[in-house]
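Each remark here refers to the structure printed beneath this line.
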Amino acid sequence: FILEMICKLLGLGFDQYIGNAWNRFDCALVLLSVLTLSLQSVVTLAVDPTIFRIFRILRIFRLLPKAEGLKKVVRTLKFSLPALYNILFLLALFIFVFAVMGMSLFGKVKHGNFLDDHANFETFPTAVVTLFRITTGESWNGIMHDCMVQPPNCSEEEENCGSIPWALIYFPLYILVSFYAMLNLFVAVVLKNFEAEEGKSGEGNKAFWGKSPILQGDIEKYSEMWSEVFPNQSFIPLDDLIRWGVHLQFVQPKDVITTVRGKQTVKKRHFPFSITRKEMKKLNVPVWNNQIHYLSLIQKLALRRFTQRYEHLHNLKTERAVAAGKKPPDPIVGNPENAFFRGISRDNQILQCINSNAQSEYPELSKLKNFIFLSNQYFAATLLKNWWVARKKARGQAVKIRSDRKEIEVVELKGTAKVFEQIKEWCCCGRPAAAATVAPKSP
51 FILEMICKLL GLGFDQYIGN AWNRFDCALV LLSVLTLSLQ SVVTLAVDPT IFRIFRILRI
111 FRLLPKAEGL KKVVRTLKFS LPALYNILFL LALFIFVFAV MGMSLFGKVK HGNFLDDHAN
171 FETFPTAVVT LFRITTGESW NGIMHDCMVQ PPNCSEEEEN CGSIPWALIY FPLYILVSFY
231 AMLNLFVAVV LKNFEAEEGK SGEGNKAFWG KSPILQGDIE KYSEMWSEVF PNQSFIPLDD
291 LIRWGVHLQF VQPKDVITTV RGKQTVKKRH FPFSITRKEM KKLNVPVWNN QIHYLSLIQK
351 LALRRFTQRY EHLHNLKTER AVAAGKKPPD PIVGNPENAF FRGISRDNQI LQCINSNAQS
411 EYPELSKLKN FIFLSNQYFA ATLLKNWWVA RKKARGQAVK IRSDRKEIEV VELKGTAKVF
471 EQIKEWCCCG RPAAAATVAP KSP
């Protein structure tokens, strides 16, 4: 392990080595092992330092990045934690209530085979530990029978007898609530998130991802490569763009097995984000302060791949239509990217009015980086929502839109949220003259 760490440090350099989380994990384990060996040979401790060797077993987690199935399970547990916190809080509340009830009902019951010094209801902490043990199903019926003890095995004068009716109600009710209801809630939450993760990965939604030239695994591969080449960086200098294109170009293609009429064929599937230097130079990527953002670059690369797919399918439809003697589709005029994705023109009067109004009413926005970019995106999203609503109404379908208008009128928004709420109203008015004066009360 020490030799591996030294080789990585020499090959990658200290900055790149320490920038990777898994390398920091390995380094911490190696340093801990060296420290325990040094203490064992120099100092005599009350605790055997070799016990820290068990932490080396944690290196098995290095399999996570390579095992897709295992990584999917861990990711599912991660996404389930927020909901599990609520269930754990509810379980703790039930344990608290039943612990107080148990102290009142069985706090003085005589000890038996299962109700002993370690499991009883005499004090609140011991009652909580006892109920937690019962939640696992460990000897809960034995504790219940000990709480039903009657004379002559106990003394009514000393008030150390149990209660048969209360024991028959208390313990089965707690088992139903904690063991069955709460456990099933845990399983339901994890299964729900696992199904969602299956759909994202393409296993549960193959029909959708099968039509896309870019798969979820491609995006994850791109993200992993970015984190290795540019660790902890969202922006990269413009000079590093060509170097990044070289990394993308040398990704090895994968073998994809397809079955057609019972015959299996193996095809090479190239990395969809691979690009040559010449193509990278022609890529029109937004630049801020001579830097390029991660999302802007991957969006442009994805758009380039989709336009190539769009142009290929268009040519294929044209060839099939000509071969069948039918009318071919209309030819692509100009750049295929413009035919595939039409953006909002910078000369749009409403958009210009929105940006000028926002900057004049909120002068502090001039210090906010990328405000024009953010307002353009919000404007486009609002137009898309308006188009979707009009399309639904034209088809006679019910329109359900989540609206926070009442909350916005009651609670005063601050900072950027208030600015974009103002932009939302300006977008909905639809007229430059109206947008330049006062925002309407109802959009």
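Residue numbers for the sequence shown follow the numbering used here, beginning at 51 and rising by one.
Quick reminder that beta carbons are idealized off the backbone N, C-alpha and C, glycines included.
Values in this document were obtained by computation on a predicted structure and should not be read as measured data.
Which residues does DSSP list as the beta-bridge partners of Pro287? Translated into positions along the sequence shown, residue 287 becomes position 237. DSSP output for Pro287 lists Gln341 as bridge partner(s).
Where Thr432 sits in the DSSP three-state scheme: As a first step, residue 432 is located in the sequence shown; it is residue number 382 there, counting from the start. In this structure, Thr432 counts as helix in the three-state DSSP scheme.
On the DSSP bridge assignment, give the partners of Val306 in chain order. On the sequence shown, residue 306 is found 256 positions in, with the first residue counted as 1. Val306 pairs with Lys317.
Thinking C-beta only, is Asn340 closer than 7 Å to Leu288? Mapped onto the sequence shown, residue 288 falls at position 238. Mapped onto the sequence shown, residue 340 falls at position 290. The answer is yes: Cβ separation under 7 Å.
Go ahead and pull the three-state DSSP assignment for His195. Counting from 1 along the sequence shown, the entry for residue 195 is found at position 145. DSSP places His195 in helix when its eight states are reduced to three.
Which of the three DSSP states, helix, strand or coil, is assigned to Phe105? Looking up residue 105 in the sequence shown gives position 55. Note: Phe105 maps to helix in three-state DSSP.
Around the C-beta of Val237, are 16 or more other C-beta atoms found within 10 angstroms, so that it is buried, or is it exposed? Within the sequence shown, numbered from 1, the residue matching residue 237 stands at position 187. Label assigned to Val237: exposed.
Does the beta-carbon of Thr173 have 16 or more other beta-carbons within 10 angstroms, so that it is buried, or is it exposed? Numbered from its first residue, the sequence shown carries residue 173 at position 123. Counting Cβ neighbours within 10 Å, Thr173 comes out exposed, since fewer than 16 surround it.
Kindly indicate which residue of His364, Leu181, Asn203 and Arg354 has the alpha-carbon position closest to the one of Asn163. Residue numbering aside, residue 163 sits at position 113 when the sequence shown is read from its first letter. When only C-alpha atoms are compared, the closest one is Asn203.
In the DSSP assignment, find the alpha helix (DSSP H) that holds Asn136 and state where it starts and stops. Position 86 of the sequence shown, counted from the first residue, corresponds to residue 136. Glu118 to Phe156 is the span of the alpha helix (DSSP H), which, as asked, contains Asn136.
Excluding the 5 residues preceding and the 5 following Ile422 in the sequence, name in chain order all residues of the same chain whose CB lies nearer than 7 Å to its CB. One-based indexing of the sequence shown puts residue 422 at position 372. Here the set comprises Asn405.
Which term fits Leu81, buried or exposed, when burial requires 16 or more other beta carbons within 10 angstroms of its beta carbon? Locating residue 81 in the sequence shown gives position 31, counting from the first residue. Burial call: exposed.
Spatial neighbours of Leu351 within its chain, please: CB distance less than 7 Å, with the 5 preceding and 5 following residues excluded, ordered by chain position. Your numbering for residue 351 matches position 301 in the sequence shown. Contacts found: Phe323 and Ile325.
Cβ neighbour criterion (16 or more within 10 Å) applied to Ser205: For this step, residue 205 is matched to residue 155 along the sequence shown. Flag for Ser205 reads exposed.
Output the distance between the C-alpha atoms of Ser284 and Tyr344, rounded to the nearest integer angstrom. By one-based count along the sequence shown, residue 284 stands at place 234. By one-based count along the sequence shown, residue 344 stands at place 294. Rounded to whole angstroms, Ser284 to Tyr344 spans 5 Å at the Cα level.
Phe323 (DSSP reduced to helix, strand or coil): Residue 323 sits at position 273 when you count from the first residue of the sequence shown. Reduced to three states, the DSSP call for Phe323 is coil.
Tell me which same chain residues have a C-beta within less than 8 Å of the C-beta of Val178, skipping the five on either side of it? Position 128 of the sequence shown, counted from the first residue, corresponds to residue 178. The residues are Ile145, Phe146 and Ala149.
Tell me, to the nearest whole angstrom, how far the beta carbon of Ile137 is from that of Val239; I am working on the premise that it is less than 8 Å. Looking up residue 137 in the sequence shown gives position 87. Looking up residue 239 in the sequence shown gives position 189. At roughly 7 Å, the Cβ-Cβ gap stays under 8 Å, so Ile137 and Val239 are in contact.
Out of Leu134, Gly187 and Ile193, state which residue places its alpha-carbon closest to the alpha-carbon of His161. The residue you call residue 161 lines up with position 111 of the sequence shown. That would be Ile193, whose Cα lies nearest to the Cα of His161.
Going by beta-carbon coordinates alone, are Leu131 and Trp216 separated by less than 7 Å? Indexing the sequence shown from 1 puts residue 131 at position 81. Indexing the sequence shown from 1 puts residue 216 at position 166. In this structure, Trp216 does not lie closer than 7 Å to Leu131 by Cβ.
For Ala373 and Val296, the rounded distance between their alpha carbons: In the sequence shown, residue 296 corresponds to position 246, counting from 1. In the sequence shown, residue 373 corresponds to position 323, counting from 1. C-alpha separation (whole angstroms): 40 Å.
Helix, strand or coil: which one does DSSP assign to Ala71? For the purposes of this step, residue 71 is identified with residue 21 of the sequence shown, where counting begins at 1. Note: Ala71 maps to helix in three-state DSSP.
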